[in-house]
Every structure is written in structure tokens, then in C-alpha cells.
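Colleague: One structure, as C-alpha cells, below. Some questions next.
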Amino acid sequence: MGQYVIRRLIQMIPLMIGISIIMFALIQAAPGGPEAMFLESGRFIDPTIIESYRHRLGLDQPVYIQYFRWLGAALTGDFGVSFSTSRSVSEMILERLPATLELMLTAFIFATIIAIPLGIFSAVHQYSTLDYLGTSFSFLGIAMPVFWFGLILQLIFCVKLGWLPTSGRVTVGDASIIDQIEHLILPATVLSFLYIAGWSRYMRSSLLSVIRKEFMLTARSKGLQERDVIWIHGVKNALIPVVSVMALDLAGLFSGAVITETIFAWPGIGRLFIQSTYSRDYPLMMGILMMGSFMVLFFNLIADMVYAWLDPRIRYS
Amino acid sequence: MKTKKILLLVYVLTVLAMLVAACAPAATPAPTEPPAVETEAPVVATEPPAAETEAPVEATEPPAAETEAPAPEKKVVQVAYSAEIDILNALTSQNLTDPEVTMVEGLIISNDKNEYIPVLAKEIPTYENGGIVKRDDGKIEMTWNLQQGVKWHDGEEFTAEDVCFTWKFIVSEGSEVYNRDEYLNIEDCQVVDPYTVKFVWTVPYAPYNTLFEAILPEHVLGNLTTAEILTYDPYNRSPLGTGPFKFAEWKSGEYIRVVKNPDYWRGPEYPKVDEVVFNFIPDNNTRLNAMKSGEYTVGIGFQPNQVKDLQAIEGYDASLIDSNAFLHFGTSILSERGKKLFSDPKVRQAMYYAIDREAIARDLMEDTVTLADTPINPLSPYYNPDTLVYNFDPEKSKQLLDEAGWAPGPDGIRVKDGERLSFTMLNRAGRNDRIAIAQVIQAQLKDVGIEVNMETKESAAWTEQWRSGDWEAMVGGWFLTADPSVTNLYACDGGNNMTGYCDPALDEVMKASDQALDFKDRKPLIDQVQALLAETAFDLPLYFNVLPTSFSQKLQNFKGSGTNLGSFWNVYEWDLLP
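Line by line, the protein sequences are chains A and B.
With numbering that gives the first Met the number 0 applied, the first sequence corresponds to residues 0 to 316, in that order.
With numbering that gives the first Met the number 0 applied, the second sequence corresponds to residues 0 to 577, in that order.
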């Protein structure tokens, strides 16, 4: 197992380089460049500054030279400086990480607690009222646009009832935990709603297919209680596909949630990314994309390891 | 059930741990909101026991709050601001930025009446007050008398050296100051004495008031090269100015907070409020909800279609700031198709007569906007009310097209020499107001036999294509200064003229107007510029955008300005009623 993990980690290096080439090429291939931001404000601008801006950032060099410069620095852990703020990309990402994790982990944990039992219940009591309810709830969650749901919650809880703040992460000047939790509730709810909707469906269908397997019959016929049959034999096996889905979503934790963060003005990485895309802040885009890609690879590895634990037939060597 | 409980405990603990970690730097307390928490039954109910395990942190917090408690209630202006800005250097930022106006001052600023008023200068130099002198060699000497006793936020005195340093930085190679070209005619900056600075201009430059809206501190940046200043984080993130407020903190993605400068040069009574916080709320609808919830004092950056909602908020006033941002329907003859179709002014005029600008203002902008007959806002003293106006007249439009040789073809679209009168409008994704206008124009032009196709591009891609001139038509917009010069936009070699239109006669008048330093000399020239612009039909100004702004009725002295320097120009006299 240990060897397997090391091998997988080593395999990641060429993979990451390959990903970086594709990302870099795609980013550069998109029409428009960072100089577009100068014209965003609608003021008259001196056209000559655009050339000196491009020159200072090295954008007048051929793309492959820009790439190798970027790669050379990235290999030493230096992801460059942002075009728009001149600040270190790593610093900009790291300062957004706590807020991102706070929101995403809360939503993730909350969603896990609800989605898995909901899926199990729906599967065990297939076609019961609660199953139908759960199913409708899931479809609602999947079909409802996040921005709409977020705005509705704001209207109810912030505007009408005045219980919660509409947006942001803290009330400036109020350092209390209560204040922070109040700010967290709505975005976390919106985000977990999405996860719950998806995951509970996966859990339900996965468990439904496991329940019909022969080993379940065997477990029952050797006299196990129905609860143990479901939980020990059923759920554990049914979790495998769910874990893959969740692992991919878990990787997304670090990239943040673009729409939810924008709606609730949450200072996460998702918003940083969308901002960097609009302003064609190439180094910042690369930094966030690289981190996101690494997380996907990393959590896939974790998922593979969890399979081995869930299903003893899976062995890595 | 057991697993559920464990998971719940893990969840609560994790959230708490993160929150505690996240709130480490205790900020100044503000009146806490009533405990709305009771309603959050499931999560919060389990919290108190879990919180006890975090004893050390909990214990350190209450005293911090107590020590500040005796202070009188702070007056904090909470601004619901739109998107986050890049940097706080007003000269090199790519954004129009309000936060630095609270901290950094310039020689001048523009007010709510579209006038320039002196800030760090005692008065604006003119011929009449002797501030401007024409030398025998034709050069211009412009003398600025500066306010005395002005201190930078670190206690150093502000002097003429700072002004000359700012000029040196701006004109230095590669300074990337957005309007660097406008400074290049200043040949020299002389420190006459610490409170007097003299610019030597090679040519007279009438829009001189658009310059020096921010002065940089020489004692902080003086030892840095131009390239270093551009990327100098300490200034970019926490600028040192002379303004009514000092920089306090900038939380990325969250807010910028500035606090009262107790030594402000206008006197101890200013500024009247203790803090201004710019909260970044990028989504327009969220910002509207935020205003409705009453959490903020001022909200800016709204859309015209939100005006009715803003007006309905109790305890708040909605102000429709008439701005110098004018929208226009433009064409380019740098593209192959554009050249074929639009080189004939009759075709352009025919299009303008076919566009019902009043309907656009009424139906799309809910009658909140002022129609633009020229690029200069009627608020400006330079506005010329007697120009040719393209009032909606489809019959005249058809007649002009007939005269130009474009006859209706079999499908109703006009044809000339086998060429259909059909072109593509380049739209910019996300600018929904402009796309809506483009759609109305598309429908209206169809009525006179002109076909408009639509193409929408993402903003950076749009900008690139616009800059290349290789486009046919679009609805664009410009945010003008309080100065009426539009040379940059319409001159043959204008830096922002991406259309290929060029009229030597117009050029001559524009350039003359840019050299007329006196209002009474300049006004007739600017009048003529506006008249010629309408006659040449280079583009069709549609309307001046309003900047819907919401502010609490407790806020005093808010005077929204529609110029590029924004509504914070008099922030030092804002006050909050209890």
C-alpha cells in the first residue's frame, strides 16, 4: 500500500506538468488579454501604456517562453505575481483559503450528515412517502438555480425577518463567533443543498442495487438482524460509488464555489478565480487551476485508498 | 443514531475550531446585533457545551471588548460597494476607485456640479488670477499655490516637492498611469517655495484640471524606481495620503476600512464620521437585498432597473446621479464591411434617424436617464443645446437611404450594387443594459430596411476586438471627466478613436479648444465641436447613464457626483445622525 501511494504520487508530477501545459495554452488562447482591464473603467486611457504594461509582464514574449519562465519558477514553488495587484499569487490564494475551507467544509459536513442517511432511508423504504419526499427534494435541489435560491433565502431571512446578515464573512468591527456563524449559515445552506440533492440520489440508487445482491440474501439467511444487514453489508458496499463522487466534490472544496461565493460576497477562492478570469490575470488563474488540479488528483488517490477499506476485494500492490 | 451524534459533534467542533482560528485578530467592536441566534435551533443548541472546550480563546475575548466599551458610539459609514478593486494607487489602478479618495488627495477634484474645485491647491490657476502666464517663447507657466500646514498621515509635511515628484513619476518611462499622455506637455515642474509649484507647459492645455487627482508622498516613494512603485505593495495596499481618513485594513474579498485622520488639515471638526468601510458585494441583487436589510449606510453601483426597488426602501433615499457616462451607438470603418456600408454619412444619419432614443430611455431605462444630444452632459457649462439632433424620424431615414442609393430588396432589406445593408453588432457579455439597447436598435433599423446581426463576446475578447477597430457596430460607453474635451475620442489620431473616422476640420476645432485656457475662449470652440460632431455623424450619443445610489436618511451631506472621480469627493463633511 505504501509503495502504491508513493508510485501514485510520483505519477502525479508528469501529469501535473501535462495539465499545466494544457491550462497555460488554453488561457493564452482565449481572446483578449489583461490589458483589457485598463478599458473597463470607461475613461480615456493613454494607448501607449498598454504596450509598456504588456512588456513589463512579459506578454510580448512568445507563449512557450512565457510558459517555461512560469514553469521554472513554479517548480521552485514560486507561482509568480498577480498581474492586477502585483502581489504574490501564493499569498493571494492562501489568504482566501481559510474562508473557502470554512464555507466548503461546513457545507460538506452538513451535507454528508443529511445526504447519506436520507439516501439510505429512501433505498430501504423504497416508494414510501418519505422516499418520494426525498426524491422530490433532490430534484428540487438539483433543478433550483443557486443564485435564485440564495437570493430567496436573503429576502426571507435578511430582509423580511432580519435574522441574518445578507452577505460577507464578518460584520466589520464585530469579532464574535456568533457573528461569524450568522454569516456562514446562508451560504453553507445553499451549498449543502446542492450536495445533499446529488449525493442522496447516488446513495439511494447505489444501495438499491446492493440490496438485491446475493450476499445480502446470504447475510439475512444466516440470521443477521435486518439493521445489521443493511448497515454492515449493504451500506458499506454501496458507499463505493458515493465515495468517488464525494472525493471529487471534496477536491472542489479548495477551489471554492463561484456562484455561492459571489451571491453572498464570501471571500473565497471561487470569487478570486472568477475575478482573475475576467481580468485575464494569467498567473493567478494558473495558480488556482494548478491547486485545483492537484486537489483532484490527490483526492482521487484518497478515494482509491478508501475503496480498499470499504471493499476488501480491492487490493493495491 | 449514535453515528449521527458523533458526526454532529465532529461538525460542530470543526466549525468552531475554524471560526476561532479565523477570528484571531480582534477588531474594534461595533454594536452587536440582537441575538438572532435562538432561531438556529439544531446547530446552535449544541454549541455552548462544545464551546467550553475552547476555553482559552473564549476567555481572552470579553476583556478586549470591555476595554473599548466606554468610548462613545462610533459613527461608521458602511458602504455596500460593488466589485473589489485592484490596488489603491489612484494613478496606476485600472479601476475607477472611490476608497482612495477618502485617503489620498490631489490638487483638484470634481464635485456634484461637474466643476473642478481645489483640494490641496488653494485655488485653480487661471489667466485672471495670475496663475497662468504666457511666456514670450509661447510656453505657459502655470503656478499652483498649495495649502499650508497639510500633513501626510505619518506626520511629514506635504510640500511642492511632493507635487513635482508625482509629476516625475507619471511622465517617467513605463509609469503606466492611465492618462500619462495628458501630462507629457508639461516640460518642467519647479518648486518655487514649499507651498508654490510651477509647471512649464510647452503648449497650452485646457483640460489641465483633469490632472493630479492624487499626489504621491515623495518621502515614501522617492527612492524607488518607476517599476518598483508600480508593484510596491506597501503603497498599493495601504496608501499614505493627506486625506480625511487613514488606511486601516484591507481584507481581500471582504472590505477596505479607513479611519478618521485626527490631524486633518481642514480642521478638527473634519471628518465628521469615525470610519468608512467599503464592503465588496459584487452581485447587484445581493447588494439590493443588503440595502433592504438596513445593514449599510450607502449603496452604489446599482442598475437603472433597480431604481424602483431602491426608492421603496424605508429610511433610505435613492439618488439618480446624472453621470458623465454616455452611451453611444458607434460604427467603425476600419473593418471591411464597415467601410463599405458606413463611409457614406447619409447611411449613418439614416440609421440615427431610425433609432428612437426616447423609447430606449423610456422603456429600457425606465425614464431615469437624460438623453444625450452631444457627448457633453447638459449639466456642464460647456454643453451646447443648439446642435443638430437626430430625433426619431423613420420617413426621413428611408428618404436618406433612398438618396444614398440603397433600395429595398426582395426580403425588405436594402441593397446597393449587390450588397445588402446588413451588419453585425458587437456586444459585450454581461453588459445587459447595452445588449438590450442593441436589440432595440436591431428592431428599429429593421423597420427601415437595415439588417443587424448580433454577436456577443466575453469582455476581454470584446475589448481586444474593439481596440483592433475590426468591428462593424456596437453600443459603447465612455465615462468622461468634468472637463469637456473629447479630442481623445474623435480626433483622427485620438488615442481612443478605434473607428477610423477622421475629419480634419473637426480636428482643428478640437485642438484649438484644447489650447484655449479661458472659459470664454473655449466655450465657443467646444460648442462648435459639438455641432460638428452632430453634423459629421461619427456616432450617435444615446443617453447619459444614471448611477442609482441608495443612502440612509441619517447620512448628511451626501452629494453624489457623476464624474469619473466619484461621489466621495466631500466625504470629509459627511455626517451620521444618531
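Just so it is clear, CB atoms sit at the ideal spot from N, CA and C, and this is done for glycine as well.
DSSP three-state label for R356 of chain B, please.
Modeller: It is helical.
Colleague: Please tell me whether E450 of chain B and I412 of chain B are closer than 8 Å, where the distance is taken between their beta carbons.
Modeller: Yes.
Colleague: Where in the stretch 200-248 of chain B do unbroken runs of the alpha helix (DSSP H), each at least 4 residues long, occur, reported from the N-terminal end onward?
Modeller: You should have 217-220, 225-229, 232-236.
Colleague: From the DSSP secondary-structure annotation, give me the bridge partner or partners of G476 of chain B.
Modeller: Paired residue(s): B:L326.
Colleague: Step through the CB atoms of chain C and report whether any lies within less than 8 Å of the CB of F298 of chain A.
Modeller: Among the protein chains of the structure shown, namely A and B, there is no chain C.
Colleague: Helix, strand or coil for L95 of chain B? Go by DSSP, reduced to three states.
Modeller: Correct three-state label for L95 of chain B: coil.
Colleague: For a contact meaning CB atoms closer than 8 Å, what does R279 of chain A contact in chain B?
Modeller: Those are A459, listed as they occur along chain B.
Colleague: Could you spell out the range, first to last residue, of the alpha helix (DSSP H) harbouring D178 of chain A?
Modeller: Run containing D178 of chain A: 176-210, per the alpha helix (DSSP H) assignment.
Colleague: Looking only at its chain, what residues have a beta carbon closer than 6 Å to the beta carbon of G118 of chain A, apart from the 5 residues adjacent to it on each side?
Modeller: These residues qualify, in order along the chain: S199, M202, R203.
Colleague: Can you check which of these residues, B:L399, B:Y389, B:M424, B:S549, is closest to P540 of chain B by C-alpha distance?
Modeller: Per the Cα distances, B:Y389.
Colleague: Determine, using beta carbons only, whether L575 of chain B comes closer than 8 Å to chain A.
Modeller: Cβ-Cβ to chain A under 8 Å: no for L575 of chain B.
Colleague: Along chain A, in chain order, which residues have C-beta atoms closer than 7 Å to that of W477 of chain B?
Modeller: Going along chain A in sequence order, the residues near W477 of chain B (Cβ under 7 Å) are G41.
Colleague: Straight-line CA distance for F37 of chain A to N496 of chain B?
Modeller: Answer to the nearest angstrom: the Cα atoms are 15 Å apart.
Colleague: Going by alpha carbons, who is nearest to V508 of chain B out of B:A530, B:D366, B:Q441?
Modeller: Closest option to V508 of chain B, Cα to Cα, is B:A530.
Colleague: Contact criterion: CB-CB distance below 8 Å. Does S251 of chain B meet it with respect to chain A?
Modeller: Chain A contact via Cβ: present.
Colleague: So A406 of chain B packs on V414 of chain B, CB below 8 Å; how close in whole Å?
Modeller: About 6 Å separates the two Cβ atoms, so the contact holds.
Colleague: Taking only runs that begin and end inside the stretch 126-196 of chain B, name each unbroken alpha helix (DSSP H) of 4 or more residues, in chain order.
Modeller: For the stretch 126-196 of chain B, whole alpha helix (DSSP H) runs of length 4 or above, ordered along the chain, are 159-170.
Colleague: Take the Cβ of D366 of chain B as the centre, count every other Cβ of all protein chains shown within 10 Å, and call the residue buried at 16 or more, exposed below.
Modeller: Exposed is the call here.
Colleague: Please classify F214 of chain A as buried or exposed, where buried requires at least 16 neighbouring CB atoms within 10 angstroms.
Modeller: Its Cβ having fewer than 16 others within 10 Å, F214 of chain A is exposed.
Colleague: Answer with yes or no whether the minimum CB distance from A481 of chain B to chain A is below 8 Å.
Modeller: By this cut-off, A481 of chain B is not an interface position.
Colleague: From the beta carbon of G565 of chain B, is the nearest beta carbon of chain A less than 8 Å away?
Modeller: Cβ-Cβ to chain A under 8 Å: no for G565 of chain B.
Colleague: Looking only at its chain, what residues have a beta carbon closer than 8 Å to the beta carbon of V242 of chain A, apart from the 5 residues adjacent to it on each side?
Modeller: The answer, listed in chain order, is A302, V305, Y306, L309.
Colleague: Identify each residue in the stretch 80-107 of chain B for which the Cβ-Cβ distance to at least one residue of chain A is less than 8 Å, and report them in chain order.
Modeller: Listed in sequence order: A82, E83, D85, I86, Q93, N94, L95.
Colleague: Classify A442 of chain B as buried or exposed, calling it buried when 16 or more other Cβ atoms lie within 10 Å of its own Cβ.
Modeller: Exposed.
Colleague: At least one CB of chain A closer than 8 Å to the CB of K415 of chain B: is that the case?
Modeller: False, the Cβ-Cβ gap to chain A never drops below 8 Å.
Colleague: Only counting runs of 3 or more residues, tell me where the beta strand (DSSP E) segments fall wholly within the stretch 488-551 of chain B, in order along the chain.
Modeller: Entirely contained in the stretch 488-551 of chain B, the beta strand (DSSP E) runs reaching 3 residues are, in chain order, 538-551.
Colleague: Which complete beta strand (DSSP E) runs does the stretch 12-88 of chain A hold, if anything under 3 residues is left out?
Modeller: As far as the stretch 12-88 of chain A is concerned, it has no whole beta strand (DSSP E) run of at least 3 residues.
Colleague: Answer yes or no: does any C-beta atom of chain A fall closer than 8 Å to that of Y115 of chain B?
Modeller: No, no contact with chain A.
Colleague: CA-CA distance, P48 of chain B and I112 of chain A?
Modeller: Because P48 of chain B carries a pLDDT of 36, less than 50, the predicted location of this residue cannot be relied on, and no value is offered for it.
Colleague: I want to know whether the stretch 461-481 of chain B touches the stretch 24-39 of chain A - three or more CB-CB distances under 8 Å.
Modeller: Enough Cβ pairs lie closer than 8 Å, so yes.
Colleague: I want to verify the contact list: residues of chain A whose CB lies under 7 Å from the CB of L400 of chain B, in sequence order.
Modeller: Within chain A, no residue comes near L400 of chain B; the closest Cβ sits about 32 Å away, beyond 7 Å.
Colleague: Tell me which residues share the same chain as E471 of chain B and place their Cβ nearer than 6 Å to its Cβ, disregarding the 5 neighbours each side in the sequence.
Modeller: S334, R336, G337, F422, T423, listed in sequence order.
Colleague: Could you give the distance in angstroms between the alpha-carbon of A213 of chain B and the alpha-carbon of V191 of chain B?
Modeller: The straight-line gap from Cα to Cα measures roughly 20 Å.
Colleague: Chain B beta carbons: is any one of them nearer than 8 Å to that of P186 of chain A?
Modeller: No - not a single Cβ of chain B is within 8 Å of the one on P186 of chain A.
Colleague: Could you please tell me which residues of the stretch 277-297 of chain B, in chain order, have their CB closer than 7 Å to any CB of chain A?
Modeller: The residues in question are N278, F279, I280, P281, D282, N284, T285, N288, A289, K291, S292, E294.
Colleague: In three-state DSSP terms, what is Y263 of chain B?
Modeller: In this structure, Y263 of chain B counts as coil in the three-state DSSP scheme.
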